[in-house]
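Structure record follows, encoded as structure tokens.
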Amino acid sequence: MSDDEDSDGPVPVGVKLGSTRTVIALPDGEGDLETIRTLTCLATYEDQLTGEERVLYGDEAATEYPDRAQFMLRSGLPEDDDRAELTKKFFDALIEEHDVPADSVVVYAIPTIDNEKGLANLESVIEESAIGEAGVQSYPESLCGSIPAIGDDLEAISEIFTAVNMGSTNLEASAYRRGEQLTPFATGAVTGNEVDRMIANNVEEETQGRVNIDKTTAREYKEDHADFVDFEPFTDVIQQPGGGSHEFTIERSVMDACNDYLDEVVDEIANSFLPDLANDYMKVYQLALDQPIVLTGGMACVPGIVEEFEERLSEELQREVTATAPERPDLSATVGAQRIAAHLIESDSY
Numbered sequence: 057m058s059d060d061e062d063s064d065g066p067v068p069v070g071v072k073l074g075s076t077r078t079v080i081a082l083p084d085g086e087g088d089l090e091t092i093r094t095l096t097c098l099a100t101y102e103d104q105l106t107g108e109e110r111v112l113y114g115d116e117a118a119t120e121y122p123d124r125a126q127f128m129l130r131s132g133l134p135e136d137d138d139r140a141e142l143t144k145k146f147f148d149a150l151i152e153e154h155d156v157p158a159d160s161v162v163v164y165a166i167p168t169i170d171n172e173k174g175l176a177n178l179e180s181v182i183e184e185s186a187i188g189e190a191g192v193q194s195y196p197e198s199l200c201g202s203i204p205a206i207g208d209d210l211e212a213i214s215e216i217f218t219a220v221n222m223g224s225t226n227l228e229a230s231a232y233r234r235g236e237q238l239t240p241f242a243t244g245a246v247t248g249n250e251v252d253r254m255i256a257n258n259v260e261e262e263t264q265g266r267v268n269i270d271k272t273t274a275r276e277y278k279e280d281h282a283d284f285v286d287f288e289p290f291t292d293v294i295q296q297p298g299g300g301s302h303e304f305t306i307e308r309s310v311m312d313a314c315n316d317y318l319d320e321v322v323d324e325i326a327n328s329f330l331p332d333l334a335n336d337y338m339k340v341y342q343l344a345l346d347q348p349i350v351l352t353g354g355m356a357c358v359p360g361i362v363e364e365f366e367e368r369l370s371e372e373l374q375r376e377v378t379a380t381a382p383e384r385p386d387l388s389a390t391v392g393a394q395r396i397a398a399h400l401i402e403s404d405s406y
């Protein structure tokens, strides 16, 4: 997409720089929403003709340079100067390749992490990029992610509800009162990345040590096969070091890890986040639990997880609770951020 001299004003752009994937959302030339989605990784190499440094990012970097591709946001934020510089290179290459317009209002989703340095670095990555000339603002990731789940516009900003972000790097939860974030909670002990690690360990155990997979393969198993409703065993083939191949079947490894993860999520929400919310804002707690809990983030994409979360949390709390999720939990934070950006432009408040 390119700048248009005859455009009516800045373009609304939503951004989420995630630990595993980065997503950008903006209107295409037909007025529909375009989403740009790629792995948040970067690899550099030397041009053999000129000697200059070249940059590859995303899936291309992970595929062609698996030995040197760097996932610079594994902790959720660019925590130090080196990671901030790598993130800038990655983001600049991404927006240049996709020609994201400079004349834009950018809203980006920020994780609920108590890390001032990392948040400041993330802000500088966005604000020092070539986009967002008309304005840059940030909103909590779980709020942005809840917007597509609650309505077709920005109805979530007028509601009282709780949101749980099932991310790769952190489990986050917050209550929202008409857009105001209350009792933000985050833990790095229950994460999508940990599920990947558990799957890899489970595969080794299930195959009696004959198969070892890396975390990238484990993540692919999770994304392609995890299903709380209709999981089916699947087969894969590995090449043997001495030649030949070995076919194996996975029956338990993926869903054992997912079930353990969901039990831990329910425990953290029921016994850490919700008691703190009740202690801080009892009326909000009561009102929020009368509304569906919104699940966002990559792990919320697993089929059937919403219903399983409802059942297990209801049992833990000994009261009926309901849950919901946007159609695409992995894209919802960016889509919500883009809707906020569009509203800021329409209301001339950027």
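Taking the working numbering, I'd label the letters of the sequence shown as residues 57 to 406. Glycine included, C-beta positions come from ideal geometry on N, C-alpha and C. Computed from a prediction, not measured in an experiment: that's the story for all the values here.
query                                                                                                                                        : result
Contact belief for asparagine 396 with leucine 210 at Cβ below 8 Å, rounded distance in angstroms                                            : Inspection of the sequence shows that residue 396 is occupied by isoleucine rather than by asparagine. Between leucine 210 and isoleucine 396 the Cβ distance is about 7 Å, and since that is below 8 Å, they are a contact.
Sub-8 Å separation of alanine 140 and serine 202 beta-carbons                                                                                : no
According to DSSP, residues forming a beta bridge with proline 13                                                                            : Only positions 57 to 406 of the chain appear in this structure, which leaves residue 13 out of reach.
Methionine 222 in three-state terms, based on DSSP                                                                                           : strand
Test item: CB-CB of arginine 375 and aspartate 319 under 8 Å                                                                                 : no
Cα-Cα separation between leucine 227 and valine 391, rounded to whole angstroms                                                              : 20 Å
Simplified DSSP assignment, three categories, for glutamate 108                                                                              : coil
At least 3 beta-carbon pairs within less than 8 Å: the region 342-362 vs the region 262-270                                                  : no
Distance CB(glycine 174)-CB(leucine 133) smaller than 8 Å                                                                                    : yes
Bridge partners - glutamine 374, DSSP secondary structure assignment                                                                         : DSSP, once it has assigned bridges, lists no residue as partnering glutamine 374.
Stretch-stretch touch, CB-based, cutoff 8 Å, three pairs: the region 310-324 with the region 248-256                                         : yes
DSSP three-state assignment for glutamine 296, whether helix, strand or coil                                                                 : coil
Cut-off 8 Å between Cβ atoms - residues of its own chain near isoleucine 151, not counting five sequence neighbours on either side           : Ile80, Ser185, Ala186 and Ile187
Contacting residues, own chain, Cβ-Cβ under 6 Å from alanine 125 (five flanking each side not counted)                                       : Cys97, Ala99, Ala117 and Ala118
Residues of its chain near phenylalanine 147, where Cβ-Cβ distance is below 8 Å and the 5 sequence neighbours each way are ignored           : Leu73, Thr78, Val181, Ile182 and Ser185
Complete alpha helix (DSSP H) runs within the region 318-351 (minimum length 4 residues, chain order)                                        : 330-336 and 338-345
Neighbour-count burial assignment, phenylalanine 290, 16 or more Cβ in a 10 Å radius                                                         : exposed
Pair within 8 Å by beta-carbon distance, alanine 245 and leucine 238                                                                         : no
Span separating the alpha-carbon of leucine 400 from that of glutamine 193                                                                   : 10 Å
Ranges of the beta strand (DSSP E) found wholly within the region 189-260, counting only runs of at least 3                                  : 191-196, 216-222, 227-233 and 236-243
Unbroken beta strand (DSSP E) run spanning threonine 305, endpoints                                                                          : 301-306
Where the beta strand (DSSP E) containing threonine 100 begins and where it ends                                                             : 98-102
Bounding residues of the beta strand (DSSP E) (the contiguous stretch that carries alanine 118)                                              : Per DSSP, alanine 118 belongs to no beta strand (DSSP E); it is in the alpha helix (DSSP H), 114-120.
Among Pro204, Ile216, Gly354 and Tyr121, nearest to methionine 338 - alpha-carbon criterion                                                  : Ile216
Same chain only: Cβ atoms within 6 Å of glycine 171, ignoring 5 sequence neighbours per side                                                 : In the sequence on display, residue 171 carries asparagine and not glycine. So the qualifying residues of the chain are Leu133.
DSSP-derived helix/strand/coil call for leucine 133                                                                                          : coil
According to DSSP, residues forming a beta bridge with glutamine 126                                                                         : Leu98
Pairwise C-alpha distance: glutamine 104 and glutamine 347                                                                                   : 59 Å
Contacts around phenylalanine 241, its chain only, beta-carbon distance under 6 Å, and the 5 residues preceding and following it disregarded : Ala229 and Phe329
Segment limits, beta strand (DSSP E) that includes isoleucine 166                                                                            : 160-166
Same chain, Cβ closer than 6 Å to aspartate 386, neighbours up to 5 away in sequence not counted                                             : Gly354 and Cys357
Minimum C-alpha distance to isoleucine 306 - residue among Asn327, Ala274, Ile325 and Gln296                                                 : Ala274
As assigned by DSSP and simplified to three states, the class of aspartate 69                                                                : According to the sequence displayed, residue 69 carries valine and not aspartate. If DSSP states are grouped into helix, strand and coil, valine 69 belongs with the strands.
Buried/exposed call for serine 388, threshold 16 Cβ in 10 Å                                                                                  : buried
Residues near valine 377 by beta carbon distance below 7 Å, same chain, minus five either side                                               : Leu345, Ile349, Glu366, Leu369 and Ser370
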